[in-house]
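Each residue of the sequence shown is one higher than the one before, starting from 1 at the first, in the working numbering. Note that beta-carbon positions come from the ideal geometry of N, C-alpha and C, so glycine has one too. All of these numbers come straight from a predicted model, not from anything done at the bench.
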Amino acid sequence: TPPLQRRRAAWWASGVRRRICEFIKVRQGKGETLQTWEVTVSVGVVSEELETILYARVQAPPRTQVFDDAFARTQGKLEPDWTLGVRLEVAQALVRGLLEDGQSLLVGWQIAK
Numbered sequence: 001t002p003p004l005q006r007r008r009a010a011w012w013a014s015g016v017r018r019r020i021c022e023f024i025k026v027r028q029g030k031g032e033t034l035q036t037w038e039v040t041v042s043v044g045v046v047s048e049e050l051e052t053i054l055y056a057r058v059q060a061p062p063r064t065q066v067f068d069d070a071f072a073r074t075q076g077k078l079e080p081d082w083t084l085g086v087r088l089e090v091a092q093a094l095v096r097g098l099l100e101d102g103q104s105l106l107v108g109w110q111i112a113k
């Protein structure tokens, strides 16, 4: 059995971990330099029984303007102060640490930007 399949089998046997994320849309720049993208504002990892394993509120990038946060406010029930939370790099390190301990596995998931 290939290593990834063995890890997946062990992961399923130990209790499924699910991830939950909320995103907002931000923009930066003006005119031709205007850029828009989605940013992560919360990251959660829960067990199969929905017990919270990890939760982190993530700050919006500095010097950006939020132009769509409806989903995070209505579905995620997050307050709209997007300066609250940890830097994205900290949230990435928390998830990476959870995976590096060898007892968890996330498949096909990425926190970018």
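Using the C-alpha atoms, what's the distance from THR52 back to TRP11? Its pLDDT being 49, under 50, TRP11 is placed unreliably by the model, and nothing is read from it.
Tell me the rounded alpha-carbon separation between ILE24 and ASP101. 30 Å
### Message
Let's test the definition: count the other Cβ atoms within 10 Å of the Cβ of GLU22 and tell me whether it reaches 16, buried, or not, exposed.
### Response
buried
* Go ahead and label LEU34 buried or exposed: buried means 16 or more other beta carbons lie within 10 angstroms of its beta carbon, across all protein chains shown. => exposed
Along the chain, where does the beta strand (DSSP E) that runs through GLN65 open and close?
-> 65–68
Item to check | For GLU22, the three-state DSSP class (helix, strand or coil) | outcome: strand
Checklist entry - For ALA60 versus VAL43, is the C-beta distance shorter than 8 Å? => result no
Next on the checklist: With a threshold of 6 Å on Cβ separation, who are the neighbours of GLN28 within its own chain once the five nearest residues in sequence on each side are excluded?
Outcome noted: GLN35, THR64
From VAL90 to PHE67, what does the alpha carbon distance come to, in whole angstroms? 24 Å
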